[in-house]
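Colleague:
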Amino acid sequence: MDPGGNYPEKAAGSMNRILRLPKGGLSLYSQKDTLKGLPIRNAALPPLAVVPLWQPDRNEVACLVGVGDSVQEGALIGKGKGKHSLHIHAPIPGTVRDIRKIPLPSGIEAPAVCIELGGAFDRLGKKEAVYPWKGLSHRELKNLLIEKGIAEGDFTLDGPIELLIINGMELEPYLCGQYRILLERSDAILEGIRILQKLLDPARTLVVLEDKDLQAQHSFKSSLAKEQEQGQEGLTGKEIELVLVEGKYPAGDTEQLVKLFFHQKVSPGRSIGEMGVAVVNVATTLGVFEGVALRKPLMERIITVSGKAIKRPANLKVRIGTPILDIVEECGGLVEVPMKVVCGGPFRGFGIYDLRTPVLRDMSGILFLTKDEIHPGVRTPCINCGKCIEVCPEGLHPAKLFKWIDHGYFREALEDSLLDCTECGCCGFVCPSRIPLVQGFQVGKFHALRLSNAKSSHKDQPNG
Numbered sequence: 001m002d003p004g005g006n007y008p009e010k011a012a013g014s015m016n017r018i019l020r021l022p023k024g025g026l027s028l029y030s031q032k033d034t035l036k037g038l039p040i041r042n043a044a045l046p047p048l049a050v051v052p053l054w055q056p057d058r059n060e061v062a063c064l065v066g067v068g069d070s071v072q073e074g075a076l077i078g079k080g081k082g083k084h085s086l087h088i089h090a091p092i093p094g095t096v097r098d099i100r101k102i103p104l105p106s107g108i109e110a111p112a113v114c115i116e117l118g119g120a121f122d123r124l125g126k127k128e129a130v131y132p133w134k135g136l137s138h139r140e141l142k143n144l145l146i147e148k149g150i151a152e153g154d155f156t157l158d159g160p161i162e163l164l165i166i167n168g169m170e171l172e173p174y175l176c177g178q179y180r181i182l183l184e185r186s187d188a189i190l191e192g193i194r195i196l197q198k199l200l201d202p203a204r205t206l207v208v209l210e211d212k213d214l215q216a217q218h219s220f221k222s223s224l225a226k227e228q229e230q231g232q233e234g235l236t237g238k239e240i241e242l243v244l245v246e247g248k249y250p251a252g253d254t255e256q257l258v259k260l261f262f263h264q265k266v267s268p269g270r271s272i273g274e275m276g277v278a279v280v281n282v283a284t285t286l287g288v289f290e291g292v293a294l295r296k297p298l299m300e301r302i303i304t305v306s307g308k309a310i311k312r313p314a315n316l317k318v319r320i321g322t323p324i325l326d327i328v329e330e331c332g333g334l335v336e337v338p339m340k341v342v343c344g345g346p347f348r349g350f351g352i353y354d355l356r357t358p359v360l361r362d363m364s365g366i367l368f369l370t371k372d373e374i375h376p377g378v379r380t381p382c383i384n385c386g387k388c389i390e391v392c393p394e395g396l397h398p399a400k401l402f403k404w405i406d407h408g409y410f411r412e413a414l415e416d417s418l419l420d421c422t423e424c425g426c427c428g429f430v431c432p433s434r435i436p437l438v439q440g441f442q443v444g445k446f447h448a449l450r451l452s453n454a455k456s457s458h459k460d461q462p463n464g
């Protein structure tokens with residue numbers, strides 16, 4: 001396999017060396033001091049779960065149930081149709097009361113199965129059996145992960161690969177679910193990594209943690225030491241290297257990690273799988289362990305609930321499909337009307353207007369933000385201060401790109417490396433003129449790609 005770039009030296013995995021973004025980025029006030037100390041707790045079960053038949057890759061999902069059907073906890077209710085498409089399961093037992101389209105936080109619409117809680121649980125409150133997995137073949141492991149609905153867009157289920165990166169960084173403000181997973185479930189994370197090593201056969205495996213997350217580092221090193229004491233470290237015959245990265249946003253993004261360890265950019269239109277790299281976050285690694293070792297389908301999500309408008313911030317294990325309104329009640333209600341409710345982090349999340357929106361399989365947090373947390377302002381003309389250039393981790397000129405787009409020069413923006421923008425939001429955060437830079441780049445990419453596709457179609461047409 002050709003990894004398509006300079007492979008990182010072994011020294012890159014040294015615990016004594018802290019890696020840093022080569023350019024740009026933001027040192028943010030994390031808003032996590034209290035949240036990091038809050039253990040994960042189980043949220044109450046929703047009386048009605050609204051489960052979208054939706055996948056991050058937008059592949060179609062076939063609905064396997066109808067209105068009036070009874071479903072068991074963990075029952076298959078949606079089957080993905082595309083390659084590596086994932087299956088979707090009932091998070092609670094009960095009766096299907098409706099199947100209807102709902103708006104998702106991203107703005108797209110998707111059909112959703114509405115399940116009214118009722119009946120016995122197959123898993124909740126029962127001791128979970130641990131299944132042997134070391135003798136399973138690659139195909140059996142792959143099929144298990146697809147069947148249980150566990151994977152993510154940043155890794156392929158096919159190996160061998162050059163580099164497996166377990167991403168334990170969570171650098172957006174407020175969010176700390178992955179940190180708590182590392183503290184509370186480090187043994188399960190380690191076994192999940194061993195399963196991924198058997199599945200993907202990587203030449204190297206790196207566990208990437210923030211340099212200041214000392215407790216998470218200690219927890220994971222303790223699990224490694226315990227594995228060694230039990231003589232289990234040779235399960236896959238592969239080492240695991242612990243690497244520390246400076247906690248400067250967006251160093252934990254997939255594109256930035258690939259640049260740090262692979263010394264080249266992820267080219268627009270090219271997947272990291274084609275480069276021989278897989279990046280898997282801690283939450284998904286836990287899902288891999290539970291799906292393979294416990295045969296447990298993806299029914300839950302660990303999320304951070306925070307913001308000054310919520311009474312009791314928390315780290316919660318929530319059933320997928322739980323309406324956000326239920327989460328508000330779980331956390332003691334609102335102390336004031338939030339100016340904005342965000343699903344995800346403040347940089348990459350989506351604002352929502354309807355608290356009936358359900359928790360999704362890839363949701364990392366729900367933020368109830370007040371006016372003083374958002375710092376709203378009125379857009380004014382660019383003053384050419386250059387702050388956006390200083391913080392761009394891709395080395396772009398955001399103000400110049402925005403001007404191209406704002407005046408309709410989409411082709412020029414494309415030629416000026418618009419597609420290299422990862423939409424991290426650093427430029428918009430520091431802009432004193434409150435220019436909506438990221439939104440502009442999203443619009444620009446849409447129009448630029450349309451122009452590019454139209455040009456390609458014209459070339460492909462036969463003459464005459």
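When the letters of the sequence shown are read in order and numbered with the numbering used here, they come out as residues 1 to 464.
Just so you know, even glycine gets a beta-carbon here, dropped at the ideal spot from N, CA and C.
Source: prediction; values computed, not measured.
Going by the beta-carbon positions, is the gap between V50 and G321 smaller than 7 Å?
Modeller: Taking the sequence shown and counting its residues from 1, one reaches residue 50 at position 50. Taking the sequence shown and counting its residues from 1, one reaches residue 321 at position 321. For V50 and G321, yes; Cβs fall inside 7 Å.
Colleague: Indicate the three-state DSSP secondary structure (helix, strand or coil) for K101 in the structure shown.
Modeller: Counting from 1 along the sequence shown, the entry for residue 101 is found at position 101. Of the three classes helix, strand and coil, the one that applies to K101 here is strand, per DSSP.
Colleague: Grouping DSSP H, G and I as helix and E and B as strand, with all else coil, what is L449?
Modeller: If you number the sequence shown from 1, residue 449 lands on position 449. In the structure shown, L449 sits in a helix (DSSP, three-state: H, G or I).
Colleague: Please classify R100 as buried or exposed, where buried requires at least 16 neighbouring CB atoms within 10 angstroms.
Modeller: Translated into the one-based positions of the sequence shown, residue 100 becomes position 100. Exposed, since its Cβ has fewer than 16 Cβ neighbours within 10 Å.
Colleague: Could you say if the segment 304-321 and the segment 357-370 meet the contact criterion of at least three C-beta pairs nearer than 8 Å?
Modeller: Taking 8 Å as the limit for Cβ pairs, the verdict is that the segment 357-370 does touch the segment 304-321.
Colleague: What alpha helix (DSSP H) runs, 4 residues minimum, are completely inside the segment 150-202?
Modeller: List check, alpha helix (DSSP H) in window: 177-184, 186-200.
Colleague: What are the partner residues of S306, as DSSP defines its beta bridges?
Modeller: Counted from its first residue, the sequence shown places residue 306 at position 306. L367.
Colleague: Does the distance from the C-beta atom of V288 to that of G192 stay below 7 Å?
Modeller: Sequence index remark: in the sequence shown, residue 288 carries index 288 (1-based). Sequence index remark: in the sequence shown, residue 192 carries index 192 (1-based). Against a cut-off of 7 Å, the Cβ pair of G192 and V288 comes out as a contact.
Colleague: Would you grab the beta carbon distance between G247 and D211 for me? Rounded to a whole angstrom, and I think it's under 8 Å.
Modeller: Against the sequence shown, residue 247 aligns to sequence position 247. Against the sequence shown, residue 211 aligns to sequence position 211. Contact holds; Cβ gap of about 6 Å.
Colleague: Tell me which same chain residues have a C-beta within less than 7 Å of the C-beta of G344, skipping the five on either side of it?
Modeller: Taking the sequence shown and counting its residues from 1, one reaches residue 344 at position 344. If we look at G344 and ignore the five residues flanking it on each side, its Cβ neighbours are F350, M363, S364, G365.
Colleague: Quick one: what's got a C-beta closer than 8 Å to R41's C-beta in the same chain, skipping five residues either side?
Modeller: The residue given as residue 41 occupies position 41 in the sequence shown. For R41, where only same-chain residues beyond five positions count, the Cβ hits under 8 Å are A314, N315, L316, K317.
Colleague: Assuming P39 and E170 are in contact, meaning their beta carbons sit under 8 Å apart, how far apart are those beta carbons, in whole angstroms?
Modeller: Position 39 of the sequence shown, counted from the first residue, corresponds to residue 39. Position 170 of the sequence shown, counted from the first residue, corresponds to residue 170. That pair is no contact at about 16 Å.
Colleague: Under 8 Å, with one C-beta from each stretch per pair, do the segment 140-154 and the segment 73-93 reach the 3-pair mark?
Modeller: Touching, yes.
Colleague: Can you tell which of V277, L414, E300 has the C-alpha that lies nearest to the C-alpha of A524?
Modeller: The displayed coordinates of the chain run from 1 to 464. Any statement about residue 524 would go beyond what the structure contains.
Colleague: DSSP state of P219, grouped into three classes?
Modeller: Translated into positions along the sequence shown, residue 219 becomes position 219. According to the sequence provided, residue 219 is Ser. The question's Pro does not apply to it. Looking at S219 - three-state DSSP - the assignment turns out to be helix.
Colleague: Give me the Cα-Cα distance between E255 and Y174, rounded to the nearest whole angstrom.
Modeller: Residue mapping note: residue 255 aligns to position 255 of the sequence shown, counting from 1. Residue mapping note: residue 174 aligns to position 174 of the sequence shown, counting from 1. For E255 and Y174, the distance between alpha carbons rounds to 22 Å.
Colleague: Could you spell out where the beta strand (DSSP E) holding V79 opens and where it closes?
Modeller: On the sequence shown, residue 79 is found 79 positions in, with the first residue counted as 1. Strictly speaking, residue 79 in this sequence is Lys, with Val absent from that position. Its beta strand (DSSP E) spans residues 76-80.
Colleague: If distances are taken between C-alpha atoms only, which option among S106, A293, H138, I405 comes closest to G440?
Modeller: Within the sequence shown, residue 440 is the residue found at index 440, counting from 1. That would be I405, whose Cα lies nearest to the Cα of G440.
Colleague: Under the three-state reduction of DSSP, which class applies to E465: helix, strand or coil?
Modeller: Residue 465 falls outside the range modelled here, since the chain spans only 1 to 464, and no answer is possible.
Colleague: For Q264 and V258, I'd like the C-alpha separation in whole angstroms.
Modeller: As a first step, residue 264 is located in the sequence shown; it is residue number 264 there, counting from the start. As a first step, residue 258 is located in the sequence shown; it is residue number 258 there, counting from the start. Cα-Cα distance, rounded: 7 Å.
Colleague: List the DSSP bridge partners of A251.
Modeller: What you label residue 251 is simply residue 251 of the sequence shown in a count that begins at 1. Bridge partners of A251: none, in fact.
Colleague: Got a sec, what are the start and stop residues for the beta strand (DSSP E) I40 sits in?
Modeller: Position 40 of the sequence shown, counted from the first residue, corresponds to residue 40. First-last of the beta strand (DSSP E) with I40: 40-42.
Colleague: What do you get for V243, buried or exposed, if any count of 16 or more other CB atoms within 10 angstroms of its CB means buried?
Modeller: Indexing the sequence shown from 1 puts residue 243 at position 243. Answer is buried; the Cβ neighbour count reaches 16.
Colleague: Quick one: is Y179 buried, meaning 16 or more other Cβ sit within 10 Å of its Cβ, or exposed?
Modeller: As a first step, residue 179 is located in the sequence shown; it is residue number 179 there, counting from the start. With 16 or more Cβ atoms within 10 Å of its Cβ, Y179 is classed as buried.
Colleague: Going straight from the alpha carbon of A399 to that of E412, what length do you get?
Modeller: Indexing the sequence shown from 1 puts residue 399 at position 399. Indexing the sequence shown from 1 puts residue 412 at position 412. Distance between the alpha carbons of A399 and E412: 14 Å.
Colleague: In three-state DSSP terms, what is G94?
Modeller: For this step, residue 94 is matched to residue 94 along the sequence shown. Reduced to three states, the DSSP call for G94 is strand.
Colleague: For E128, which residues from the same chain have a beta carbon less than 6 Å from its beta carbon, with the 5 sequence-adjacent residues on both sides left out?
Modeller: Residue 128 sits at position 128 when you count from the first residue of the sequence shown. Same-chain partners within the cutoff: L294.
Colleague: Please classify E505: is it buried, with 16 or more other beta-carbons within 10 angstroms of its beta-carbon, or exposed?
Modeller: Beyond the ends of the chain as shown, which are 1 and 464, falls residue 505; an answer cannot be given.
Colleague: Which word fits V67, buried or exposed, when buried means at least 16 other C-beta atoms lie within 10 angstroms of its C-beta?
Modeller: Taking the first residue of the sequence shown as position 1, residue 67 is located at position 67. With fewer than 16 Cβ atoms within 10 Å of its Cβ, V67 is classed as exposed.
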